[in-house]
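Novice:
Protein chains in written order, with this note's numbering: chain D, 18 to 279; chain H, 10 to 381.
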């Protein structure tokens, strides 16, 4: 039934992680209001180094809002948030040195080539040209797109853009990479290849924080949190959640949580 | 500093890749300088006159041929019926009707005075006035001429006449194109600067790249400098290109110091680009940006004094113009290029442009936030 059985095996339980106790994200009583609308209602969670943390929820549940706060794109109304060990209020710029981000729009410059995009972003992060060249060769080889280095991003297929955007987002070896619904609009095979990259990054010790509404993807996360109407309703490993709700897959877990609310 | 280098490199590549933009950068100076300067001229060249000569005397014929011989006037039609002349004015075929009543010559001889009627189409008040004064001066000349002739004295001078020989300074031949060219240059630089800067930032918003940049450690000032410097360079290129064209095509005299022109150009552009950036921090799409910049351009240009002298605007309008950067820059260009004014003569403009530039830049810096 599951089209990607290998990922399940690769997804180790949290206790198996060597540095499991090192917190890279700490969120306490995070509240974000837009006028009288509460987008994030007292969120509390920790994310540990090297884990793949799934952030699930229906559209409008508050996932993107919370993620933008963690990235420093938006400031919270109240609460305590630490990312990569830095306070997001006072040390915003230090936070930004240590994170990578990939939005739903895969924001590479369409009118620049692959090589030019990499040069620009690594320039901003202060990566030396020599180092950049080595890493870029590696990246192009890894994605098997060496021949396309001088192609404009705008001319590439969507699946390539997503993979590239992810690779550029982790080019400066951040501690955490935030992915906001990274695999929207592509076929299952492309999505599977994308998750290969996520696992590689995780193996390198990069913590992956990913929002999605594909429930099959939720199965590949070490832990998932499920948001509903601004609150975190559940947070555990996919195995434990399925057990707890007595169902066979994450799809049903999600439906149960959403239905209980109604 | 190194970050700024990468930002600039990226911006220049993007301009180079944008074929439409590139064409505009080259075509705009050519079209504006060659078409606009020629088209927006007040030089009065071709006034069509409808002649109603009811006198049919030798004096009236002499007057008519004198007028027709003037380079400004052409006698287009003649008739005995003044109403026909009015019709010609109504359908825009003629601009003026000159009516010479019956008995013109007789009155002139017997009573030493005679009356003429001049009907002028004054829809366009400015050219009507100029046309009227030209016609009046031709008639006045003719008047002196016949007096001299009749008295039989070749050098006849009427007693107690005050003569005002005039010499026009800085533009002795009243070459209107020379007056227009610096004005059009100011427009050119404004149009290029405002459009490039405002669309470039909002394009990043539309593509979502601005969000990507906002999660990087890039500094606000680095990012905005990256949006300013390339467009200052491009607009200055257009300024020199436009000046070159004006020099080549209609021989525009450049009396003042070119260094001063370009220094003021930089100062002016920083303000204009600051305004462009501010607009694009407020707007979310390119359409919104175009709409807002168009609004500013309209007001700036119409109040700049390019077509109508600011000195004849109402007091309150002149006050508003102090906040109009185009007004100040146009004055600087005209003063330096045509008159050779020095920096000491331009202190007022300098201060005004500094204040406006700082204001616009501060607004843009304040409005552009990496964290919403």
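Quick reminder that beta carbons are idealized off the backbone N, C-alpha and C, glycines included.
Among the candidates H/213, H/187, H/285 and H/343, whose CA atom is the shortest distance from the CA of residue 259 of chain H?
Specialist: Taking the first residue of the second chain as 1, we reach residue 259 of chain H at position 250. Checking every option, the nearest Cα to that of residue 259 of chain H belongs to H/187.
Novice: What residue does the beta strand (DSSP E) around residue 217 of chain H start on, and which one ends it?
Specialist: For the purposes of this step, residue 217 of chain H is identified with residue 208 of the second chain, where counting begins at 1. Where residue 217 of chain H is concerned, there is no enclosing beta strand (DSSP E), given that its DSSP letter is neither H nor E.
Novice: May I have the straight-line CA-CA distance separating residue 316 of chain H from residue 185 of chain H, to the nearest angstrom?
Specialist: Numbered from 1 along the second chain, position 307 holds the residue referred to as residue 316 of chain H. Numbered from 1 along the second chain, position 176 holds the residue referred to as residue 185 of chain H. When rounded, the distance between both Cα atoms is 11 Å.
Novice: Using a threshold of 8 Å, state whether the C-beta atoms of residue 69 of chain D and residue 219 of chain D are closer than that.
Specialist: In the first chain, counting from the first residue as 1, residue 69 of chain D sits at position 52. In the first chain, counting from the first residue as 1, residue 219 of chain D sits at position 202. Taking 8 Å as the Cβ cut-off, residue 69 of chain D and residue 219 of chain D qualify as a contacting pair.
Novice: Step through the CB atoms of chain D and report whether any lies within less than 8 Å of the CB of residue 214 of chain H.
Specialist: Here the question's residue 214 of chain H lines up with position 205 in the second chain. It does not; no Cβ of chain D falls within 8 Å.
Novice: Give every residue of the same chain whose Cβ lies closer than 7 Å to the Cβ of residue 16 of chain H, excluding the five residues on either side of it in the sequence, and list them in chain order.
Specialist: In the second chain, counting from the first residue as 1, residue 16 of chain H sits at position 7. Excluding residues within five positions, the ones whose Cβ falls inside 7 Å are 231, 232 and 235.
Novice: Could you check whether residue 195 of chain H and residue 306 of chain H sit closer than 8 Å to each other, using their CB atoms as the reference points?
Specialist: For the purposes of this step, residue 306 of chain H is identified with residue 297 of the second chain, where counting begins at 1. For the purposes of this step, residue 195 of chain H is identified with residue 186 of the second chain, where counting begins at 1. Contact flag unset, no.
Novice: Specify the secondary structure class of residue 19 of chain H as computed by DSSP and reduced to three states.
Specialist: The residue given as residue 19 of chain H occupies position 10 in the second chain. Helix, per DSSP.
Novice: Kindly list, in the order they appear in chain D, the residues whose Cβ is closer than 7 Å to that of residue 184 of chain H.
Specialist: As a position in the second chain, residue 184 of chain H is number 175, starting the count at 1. Those do not exist, as residue 184 of chain H stays about 44 Å from chain D at its closest Cβ, beyond 7 Å.
Novice: Would you say residue 200 of chain H and residue 280 of chain H are within 8 Å of each other, going by their C-beta atoms?
Specialist: Here residue 200 of chain H refers to the residue found at position 191 when the second chain is read from its first residue. Here residue 280 of chain H refers to the residue found at position 271 when the second chain is read from its first residue. The answer is no: Cβ separation not under 8 Å.
Novice: Can you give me the start and stop residues for the beta strand (DSSP E) that residue 43 of chain D sits inside?
Specialist: Along the first chain, one-based indexing puts residue 43 of chain D at 26. From DSSP, the beta strand (DSSP E) with residue 43 of chain D extends over 40–51.
Novice: DSSP puts residue 245 of chain D in a beta bridge; with which residues?
Specialist: Sequence index remark: in the first chain, residue 245 of chain D carries index 228 (1-based). DSSP output for residue 245 of chain D lists D/248 as bridge partner(s).
Novice: Which residues in chain H have a C-beta closer than 9 Å to the C-beta of residue 109 of chain D? List them in chain order.
Specialist: Here residue 109 of chain D corresponds to residue number 92 of the first chain, with the count starting at 1. Per Cβ cutoff of 9 Å: 379 and 380.
Novice: Please classify residue 204 of chain D as buried or exposed, where buried requires at least 16 other C-beta atoms within 10 Å of its C-beta.
Specialist: Mapped onto the first chain, residue 204 of chain D falls at position 187. Exposed, by the Cβ-count rule.
Novice: So is residue 254 of chain H buried or exposed if we call it buried at 16+ other beta carbons inside 10 Å?
Specialist: By 1-based counting over the second chain, the position of residue 254 of chain H is 245. When all chains shown are included, residue 254 of chain H counts as buried.
Novice: Taking a Cβ distance cut-off of 7 Å, strictly less, list which residues of the segment 98–122 of chain D are near chain H, in chain order.
Specialist: Those residues of the segment 98–122 of chain D that come within reach of chain H (Cβ to Cβ, closer than 7 Å) are 109, 110, 113, 114, 116, 118, 120 and 122.
Novice: Report the three-state DSSP secondary structure of residue 18 of chain D (helix, strand or coil).
Specialist: For this step, residue 18 of chain D is matched to residue 1 along the first chain. Since pLDDT at residue 18 of chain D reaches only 39, below the 50 mark, its modelled position is unreliable, and the value read off the structure follows with that caveat. Residue 18 of chain D: coil per DSSP, three-state reduction.
Novice: List, in order along the chain, the chain D residues whose C-beta lies closer than 8 Å to that of residue 23 of chain H?
Specialist: Position 14 of the second chain, counting from 1, holds the residue named residue 23 of chain H. Near residue 23 of chain H (Cβ distances below 8 Å), the residues of chain D are 126, 128 and 129.
Novice: Quick check on residue 169 of chain D: does DSSP put it in helix, strand or coil?
Specialist: Locating residue 169 of chain D in the first chain gives position 152, counting from the first residue. Strand.
Novice: Helix, strand or coil for residue 203 of chain D per DSSP?
Specialist: Residue mapping note: residue 203 of chain D aligns to position 186 of the first chain, counting from 1. The answer is coil: DSSP assigns residue 203 of chain D none of H, G, I, E or B.
Novice: Are three or more beta carbon pairs between the segment 264–274 of chain D and the segment 94–114 of chain D nearer than 8 Å?
Specialist: No, the segment 264–274 of chain D is not in contact with the segment 94–114 of chain D.
Novice: Beta carbons nearer than 8 Å to chain D: which residues of the segment 177–207 of chain H have them?
Specialist: Answer set for the segment 177–207 of chain H: empty.
Novice: From the DSSP output, read off the bridge partner residues of residue 97 of chain D.
Specialist: Within the first chain, the letter at position 80 stands for residue 97 of chain D. D/45, per the DSSP bridge assignment.
Novice: Where does residue 89 of chain H sit, in a helix, a strand or coil, going by DSSP?
Specialist: The residue given as residue 89 of chain H occupies position 80 in the second chain. DSSP places residue 89 of chain H in coil when its eight states are reduced to three.
Novice: Hey, does residue 141 of chain D have any beta-carbon neighbour from chain H nearer than 8 Å?
Specialist: As a working mapping, residue 141 of chain D is identified with position 124 in the first chain. Taking Cβ atoms only, chain H reaches closer than 8 Å to residue 141 of chain D, which makes this a yes.
Novice: Do residue 104 of chain H and residue 140 of chain H count as a contact pair if the criterion is CB distance below 8 Å?
Specialist: Within the second chain, numbered from 1, the residue matching residue 140 of chain H stands at position 131. Within the second chain, numbered from 1, the residue matching residue 104 of chain H stands at position 95. Taking 8 Å as the Cβ cut-off, residue 140 of chain H and residue 104 of chain H qualify as a contacting pair.
Novice: When you check each C-beta in the segment 220–245 of chain H against every C-beta of chain D, which residues fall closer than 9 Å?
Specialist: Hits within the stretch, in order: 220, 221, 222, 223, 224, 225, 226, 227, 228 and 231.
Novice: Residues of the segment 70–102 of chain D in Cβ contact with chain H at a cutoff of 7 Å, in chain order, please.
Specialist: Within the segment 70–102 of chain D, the qualifying residues are 88, 89, 90, 91 and 92.
Novice: Taking the alpha carbon of residue 61 of chain D as the point to measure from, which residue in D/176, D/49 and D/54 has its own alpha carbon closest?
Specialist: Against the first chain, residue 61 of chain D aligns to sequence position 44. For the residues D/176, D/49 and D/54, the minimum Cα distance to residue 61 of chain D belongs to D/49.
Novice: Give the interface partners of residue 133 of chain D over in chain H, defined as CB-CB distance under 8 Å, in chain order.
Specialist: Counted from its first residue, the first chain places residue 133 of chain D at position 116. 19 and 22, listed in chain order.
Novice: Starting from the beta carbon of residue 51 of chain D, find every residue of chain H whose beta carbon is closer than 9 Å, and list them in chain order.
Specialist: Numbered from 1 along the first chain, position 34 holds the residue referred to as residue 51 of chain D. Within chain H, no residue comes near residue 51 of chain D; the closest Cβ sits about 11 Å away, beyond 9 Å.
Novice: Would you mind telling me which residues of chain B sit closer than 7 Å to residue 137 of chain D, beta carbon to beta carbon, in chain order?
Specialist: Protein chains D and H are contained in the structure displayed, whereas chain B is not.
Novice: Step through the CB atoms of chain D and report whether any lies within less than 8 Å of the CB of residue 12 of chain H.
Specialist: In the second chain, counting from the first residue as 1, residue 12 of chain H sits at position 3. So, interface residue.
Novice: Can you tell me which residues form a DSSP beta bridge with residue 230 of chain H?
Specialist: In the second chain, counting from the first residue as 1, residue 230 of chain H sits at position 221. BP columns for residue 230 of chain H are empty, so no partner.
Novice: What residue from D/100, D/184 and D/125 has the CA that sits closest to residue 152 of chain D's CA?
Specialist: Counting from 1 along the first chain, the entry for residue 152 of chain D is found at position 135. Comparing Cα-Cα distances from residue 152 of chain D to each of D/100, D/184 and D/125, the minimum goes to D/184.
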